[in-house]
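Right, one structure below, let's go through it.
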Amino acid sequence: PRGRPWCSPFPGNHDVLFVEKVLQPARRRCRRHRRSKGRVPFHCGASGKALLAFGAEALREGVMAAPLRRRTPWTITDPARLEAELEQVRAQGYAVDRQELVVGYAAVAAPVFVDGVAVATLTVVGPVERLDVRRLAPVVGAAGRALTRDVAPVKG
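Here's what the structure looks like:
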């Protein structure tokens, strides 16, 4: 979406690896594109929650068994609360982060599937006061589904 950064995260062993970011500032016409290396705990953001909700059961169990460390005052650190959040993510088809990873920022993430398992997400990030989750969620969800169709293996 115009004026919002998006990133393409993939699951690691115990965290989410961000491999690419595209930044498109709302007030500037130029687009900055940069490859990014970074790891974020699964429970701290929209991307990780989408991967946990739709990923392999073993991944979810491993994350839930480890301590859920706080990154901000809004980070979910209670396993029962995180499981309830993951149920909501599965029901709505996308995950939301409201300052759980970085104070002042929110995100919406949709899973990208291969063989029915989430292997990546498409994520839009922005300042919490400007990120319109209700407007972006359907767009991000549709983009995630389109990407899933595009990367689906050809059966022959």
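Numbering follows the UniProt record's numbering, in which position 111 of the sequence shown is assigned residue number 111; successive positions increment by one, without gaps. Every residue, glycine too, gets a C-beta built ideally from N, C-alpha and C. Bear in mind that the values here come from a model prediction, so they are computed numbers and not experimental data.
Item	Value
When the distance is taken between beta carbons, is A110 closer than 8 Å to T121?	yes
Is L131 helix, strand or coil by DSSP?	coil
Leaving out five residues on either side along the sequence, give the residues of the same chain with a beta carbon under 7 Å from the beta carbon of A137.	Y94, V108
Once the 5 residues before and after A143 are set aside, which same chain residues still bring their CB inside 7 Å of it?	A110, L122
Here's the rule I'm using: 16 or more other beta-carbon atoms within 10 Å means buried, otherwise exposed. How should R34 be labelled?	Confidence in R34 is poor, its pLDDT being 43 and thus under 50, which makes the residue's placement unreliable; the coordinate value appears in the next sentence. Exposed, by the Cβ-count rule.
Report the option in V133, V124, V119, F113 whose CA atom is closest to the CA atom of T146.	Per the sequence presented here, residue 146 reads as Ala, with Thr not at that position. Of the candidates V133, V124, V119, F113, the one whose C-alpha sits nearest the C-alpha of A146 is F113.
What are the residues that DSSP puts in a beta bridge with Y105?	P127
Put R32 into one of helix, strand or coil per three-state DSSP.	In this predicted model, R32 has a pLDDT of only 42, less than 50, meaning its place in the structure is not dependable enough to derive any value.
Tell me which residue opens and which closes the beta strand (DSSP E) that A95 is part of.	95–98
Under three-state DSSP, which class holds A84?	helix
Put L122 into one of helix, strand or coil per three-state DSSP.	strand
Do you know offhand how far A118's Cα is from A50's?	8 Å
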